[in-house]
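Colleague: Residue numbers 10 to 133, in the numbering used here, belong to the letters of the sequence shown in order.
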Amino acid sequence: LEKHQSKTNIGAHHIFLGQVRNDLVKRKEVVAIEYSAYIEMAEKEIHRIREEAFEKFDVICMHIYHSLNVVKVGEVCLFVFVSSAHRDASYKASRFIVEELKAKAPIFGKEIFNDESHTWKVNK
Numbered sequence: 010l011e012k013h014q015s016k017t018n019i020g021a022h023h024i025f026l027g028q029v030r031n032d033l034v035k036r037k038e039v040v041a042i043e044y045s046a047y048i049e050m051a052e053k054e055i056h057r058i059r060e061e062a063f064e065k066f067d068v069i070c071m072h073i074y075h076s077l078n079v080v081k082v083g084e085v086c087l088f089v090f091v092s093s094a095h096r097d098a099s100y101k102a103s104r105f106i107v108e109e110l111k112a113k114a115p116i117f118g119k120e121i122f123n124d125e126s127h128t129w130k131v132n133k
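1) Taking His72 as the reference, give the member of Asn123, Asn18, Lys37 and Ser103 with the closest Cα.
2) Would the region 76-94 count as touching the region 30-44 if we require 3 or more Cβ pairs under 8 Å?
3) Once the 5 residues before and after Lys98 are set aside, which same chain residues still bring their CB inside 6 Å of it?
4) Hey, how far is the Cα of Lys12 from the Cα of Val85?
5) Quick one, are the C-beta atoms of Val40 and Lys81 less than 8 Å apart?
6) By how many angstroms is the C-alpha of Ala112 removed from the C-alpha of Gly118?
7) Give me the residue from Phe122, Ile116 and Trp129 with the minimum Cα distance to Leu87.
8) Can you tell me whether Phe105 is helix, strand or coil according to DSSP?
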């Protein structure tokens, strides 16, 4: 945020943090999610989503980070930061980015349960 203070055309920042939930799946407790990805494809898709967001919404700056490997319950797995002159553009762009990532980025989550079993997570 400090670096953005010099950008005086920015009037709004929207920050979205995705966090691993302690879900119950078939009576098993999720303790972590192990994220994997086709790195090169995921980076290209994230770049495409980012560029499309710049085209569709009047945003000035954005940052998108998704965790890989094991992320424990309560930890952040997705960080989306969008800056714009007005709040509506940053809200809409952030929502667009998150939904596109979930639908199209080749990033996969394996839910790890308290009994050490696991299953692939379905994005919702």
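Built from N, CA and C at the ideal position, the CB exists for glycine as well.
Modeller: Let me spell this out:
1) Ser103
2) yes
3) It is Ala, not Lys, that sits at residue 98 in the sequence shown. The answer, listed in chain order, is Phe66, Asp67 and Val68.
4) Distance between the alpha carbons of Lys12 and Val85: 22 Å.
5) yes
6) So the alpha carbons of these two residues sit roughly 13 Å apart.
7) Ile116
8) helix
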